[in-house]
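Per the numbering used here, the sequence shown starts with residue 2, numbered consecutively. Below you'll find the structure, written out as structure tokens, and then a few comments.
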Amino acid sequence: MKRSVWRTVLSARMPIILVVLVICATALTEGRFARTDNIVNVLGQVSFQGTIAFGMTAVIVTGGIDLSVGSLVALTGVVAALVMQALSGAIAPWLAITLGVLAAMVSGGAVGATSGAVVARLSIPPFIVTLAAMLMARGAAFILCNGQPIYELPAELRTLGRGFILEPWFGRVLPVPVLMMLATYALCALMLSRTVLGKEIIAVGSNEKAAWLAGVPVRRTKLFVYVLTGVLAGLVGAVHDGKLMAGDPKVGEMWELHVIAAVVVGGTSLFGGRGSMTGTLVGVLIIGVLNNSMNLMQVEWFWQNVVLGGVILGAALADAGLRRLHGARQ
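Shown next, in the form of structure tokens:
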């Protein structure tokens with residue numbers, strides 16, 4: 002009975018933690034956190050990293066990891082900016098923006114495919130492969146723009162990065178990037194929980210050899226999750242250009258750690274084989290509430306890093322506890 006109670010508590014920890022954090026943040030910031038404009042700000046802040054987190058969830062469920070996502074945001078943002086700048090004035094602004102977004106997603110997917118192919122076919126640890134991709138993508142971003150941000154982008158791009166859905170009717174409540182995150186969540190949740198591909202992703206992470214013996218295309222499945230993450234990083238890179246109105250090779254630094262933190266806090270096991278997109282969405286919100294409340298309380302950035310590290314460690318310990326309880330029950 003005692004084990005059953007603890008297993009229930011650990012499994013349900015994410016929504017509970019989120020509610021407690023919101024209450025504490027509201028109290029500690031003297032109500033500033035609960036203001037509508039601040040809530041909208043939190044959602045806007047987490048939407049970029051949150052979108053990538055759904056791809057990262059699929060990667061970690063297979064037992065992998067992708068450290069290149071932050072650098073990919075920078076690289077694909079520069080690629081999108083170069084395309085939009087080159088086409089600006091020659092074709093309709095929204096067509097130039099569309100082609101820029103597509104170029105970013107294709108380039109991100111190409112890097113993801115390269116990483117995935119090396120991981121799947123050569124069996125090199127994903128930590129090493131994506132660490133190399135992280136360094137190379139960041140360097141390529143600086144090379145493409147000579148180390149300087151790219152400005153003079155179509156003015157309409159601002160709508161993607163800073164605009165609001167149905168603003169004339171509902172006001173500045175739902176930022177466009179939040180819609181991007183929610184749409185990505187819906188598609189990825191459907192993929193992981195309702196499709197054969199989702200079952201294959203979980204099977205690969207649970208027991209790769211058993212999955213292969215059962216006929217699961219292990220290599221193709223691994224390749225897919227890295228491509229997915231690269232494509233999502235490309236989408237975010239292009240939309241983030243609209244927030245800055247520039248393609249900046251410096252953006253995305255340390256994003257991979259925040260993304261991984263959100264995924265792990267959301268209940269996805271670092272050992273692979275278990276995870277959910279809904280859990281990741283809650284994890285993204287937990288990290289967002291935590292960061293925003295610390296900013297409102299003017300906590301120094303180095304202490305924020307300490308807190309973030311503690312959150313990751315706590316989530317990992319909770320995951321280990323769940324694994325032990327599950328093993329004991331079996």
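Note that beta-carbon positions come from the ideal geometry of N, C-alpha and C, so glycine has one too.
Are Val-252 and Val-74 touching if we call contact CB-CB under 9 Å? yes
Does any CB atom of chain D fall closer than 9 Å to the CB of Pro-155? The chain inventory of the structure shown lacks chain D, comprising one protein chain alone.
Bridge partners - Ile-151, DSSP secondary structure assignment: Gly-248
Near Gly-199, what residues of its chain come up, given a Cβ to Cβ distance below 6 Å and the 5 sequence neighbours on each side ignored? Met-192, Leu-193
Between Arg-221, Lys-244, Ala-184, Thr-37, which has its C-alpha nearest Gly-164's C-alpha? Lys-244
Determine which residues share a DSSP beta bridge with Phe-34 and list them. Paired residue(s): none; Phe-34 is not in a bridge.
Grab me the residues of Gly-206's own chain with a C-beta within less than 7 Å of its C-beta, minus the 5 sequence neighbours each way, in chain order. Val-62, Thr-63, Gly-64, Gly-273, Gly-274
Using the three-state DSSP reduction, which class does Pro-176 fall into: helix, strand or coil? strand
DSSP three-state assignment for Ile-144, whether helix, strand or coil: helix
N-terminal and C-terminal residue of the alpha helix (DSSP H) that Ile-287 is part of: 278-297
Pick helix, strand or coil for Ser-89, following the three-state DSSP scheme. strand
Does Phe-171 come out as helix, strand or coil in the three-state DSSP assignment? helix
How big is the Cα-Cα spacing for Gln-46 and Ala-215? 42 Å
Do Ala-121 and Lys-210 come within 9 Å of each other at the CB atom, strictly closer than that value? no
With which residues is Phe-165 paired in a DSSP beta bridge? Pro-176
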